[in-house]
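Have a look at the structure below, then the notes.
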Amino acid sequence: MNVATTIFDRLFALFVEDGAFALSIVSWLAGGWICVATIHFPAAVESFLLFLGFSFMLADSVRRAS
Amino acid sequence: MIDGSEFAFVGAATLAGFCACFVECVEVLVVVLALTLVRGWPAVLAGSSAGLLVLFFATRVLVAFLAGVPGSTVHLIVGVLLLLFGLRWLRGAMLRSLRAIPLPDLAALYAKEVAEIGALNRCDAAFDFVAAARALKTTICNGVEVAFVVAALGAGNAGLLAPAAAGALVSALVIVPFGFVFYRPIAAPIINSLKLAAGVLLSAFGTIWAGNGIGTEWPRLDVAIVVLAAGYLLVAIGYVRMARRGSSADSRGVSG
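Chains A and B, in that order, give the protein sequences. Quick note: the first sequence, position 38, residue 59 per my numbering, numbers continuous. Quick note: the second sequence, position 188, residue 181 per my numbering, numbers continuous.
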């Protein structure tokens, strides 16, 4: 049980360091999913908005940690 | 699969594999060098080789498992994981550039490992199982990130498995002889730059595949990967420069 917990913790830490940052990435993607399904933006706009959101979250996470 | 016009996509996967493996190899090498120095090479070689075999088979199993998942679902899973992983590396590299977290001190790590390994019990058996187990653990713990990168790129697009694995293999072939010949760790700023490069590329791949997973179309993959990688690089460098300028202005204000 202890070994399984350690392995899970290590695997989790591969992807999540700042919980709020990880959650915001997944939330932005989920929001994007809903928008793509309901509002039909041009492909270039959708891609740019995805990138813009992730970049903003990255900068915000670095600002909070520094 | 990848065709000839998507050269940039293949190149980016190779470079991502190279950078990710280089960064992790450096840390493994520090421990392996320390182990070899204190406990001798046969057990360390056996432990490291066993670790590499475990990682090889784990990568194969992961790729085979993900190959059975439908296209858009696998893109969504791999995209989200690559985004989380790549942006985490990018964030770490930016924080180290801002000195918010310290650069890895490999010389100190080497000295710590030598001291720790020296204090470990020596077994009387002909084969040093303690040293082999430590080499195995270090190889697996650090190599799992490289295995994930190669498996994720291969699962996202079958044509990228070989380039990513080749990039990782080349970096291991470069770094291992360097470490044993010069017998000293690589400078920490170089490692941070490589980590930033790997973070940029993996975030770009993650954005493309996560976007595919939610239904966004990318007309040209080769253009998209270059534009996204350039975008993330500009954001990272731009933010670090801006934050440095801001903190030096603050310190001038305090001293003035």
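C-beta: ideal position from N, C-alpha, C; glycine also. Just so we're clear, the structure is a prediction, and the values are computed from it rather than from any experiment.
Residue i to residue j, Cα distance in whole Å?
i        : j        : result
Arg84/A  : Met235/B : 11 angstroms
Pro170/B : Arg237/B : 37 angstroms
Ala27/B  : Trp49/A  : 44 angstroms
Ile230/B : Ala1/B   : 22 angstroms
Ala43/A  : Phe36/A  : 8 angstroms
Ala145/B : Gly33/B  : 36 angstroms
Phe240/B : Ser90/B  : Per the sequence presented here, residue 240/B reads as Ser, with Phe not at that position. About 13 angstroms.
His61/A  : Phe72/A  : 17 angstroms
Arg84/B  : Ala41/A  : 13 angstroms
Glu67/A  : Ala86/B  : 28 angstroms
Ala51/A  : Pro63/A  : 18 angstroms
Leu77/B  : Ala119/B : 45 angstroms
Thr27/A  : Pro212/B : 42 angstroms
Leu129/B : Gly111/B : 17 angstroms
Gly74/A  : Leu113/B : 49 angstroms
Asp30/A  : Ile183/B : 29 angstroms
Gly208/B : Glu38/A  : 28 angstroms
Val19/B  : Ala58/A  : 45 angstroms
Ala217/B : Ile70/B  : 19 angstroms
Pro156/B : Leu162/B : 10 angstroms
Ala222/B : Arg81/B  : 15 angstroms
Ala25/A  : Asp243/B : 47 angstroms
Gly53/A  : Leu166/B : 41 angstroms
Ala125/B : Leu55/B  : 26 angstroms
Ala57/B  : Gly152/B : 14 angstroms
Asp121/B : Phe69/A  : 55 angstroms
Val219/B : Val123/B : 46 angstroms
Val62/B  : Leu32/A  : 21 angstroms
Leu154/B : Ser65/B  : 18 angstroms
Ser41/B  : Arg127/B : 9 angstroms
Keeping to the same chain, check which residues put their C-beta closer than 7 angstroms to that of residue i; ignore five residues upstream and five downstream.
i        : result
Phe15/B  : Ser164, Ile168, Leu187
Ser45/A  : Met78
Ile133/B : Gly44, Val47, Leu48
Asn185/B : Ala86, Arg89, Ser90, Leu96
Ala108/B : none
Leu30/B  : Val107
In its own chain, which residues sit with a C-beta less than 6 angstroms from the C-beta of residue i, not counting the 5 before and 5 after it?
i        : result
Gly72/B  : Gly199, Trp202, Ala203, Gly206
Ala181/B : Leu96, Pro97
Leu59/B  : Val67, Ala148
Thr131/B : Val21, Val24
Arg53/B  : none
Ile94/B  : Leu88
Under 8 angstroms by Cβ, that's how I've got residue i and residue j pegged, so tell me the actual separation to the nearest angstrom.
i        : j         : result
Leu195/B : Gly79/B   : 3 angstroms
Ala13/B  : Ala191/B  : 5 angstroms
Ser87/A  : Leu88/B   : 6 angstroms
Val24/B  : Leu99/B   : No, Val24/B and Leu99/B are not in contact; Cβ-Cβ is about 10 angstroms, not under 8 angstroms.
Ala51/B  : Ala140/B  : 6 angstroms
Tyr232/B : Ala197/B  : Not a contact, Cβ separation roughly 17 angstroms.
Ala158/B : Val137/B  : The Cβ separation is near 15 angstroms, so there is no contact.
Ala80/A  : Val228/B  : 7 angstroms
Leu214/B : Glu(-1)/B : 5 angstroms
Asn135/B : Glu17/B   : 4 angstroms
Got a sec? Which residues, its chain only, sit under 8 angstroms from residue i by beta carbon, not counting five neighbours each side?
i       : result
Leu74/B : Phe141, Ala145, Gly199
- Message: Whether or not the segment 90 to 107 of chain B and the segment 1 to 8 of chain B are in contact is what I'm after, with contact meaning three or more pairs of Cβ atoms, one per stretch, closer than 8 angstroms; do they touch?
- Response: no
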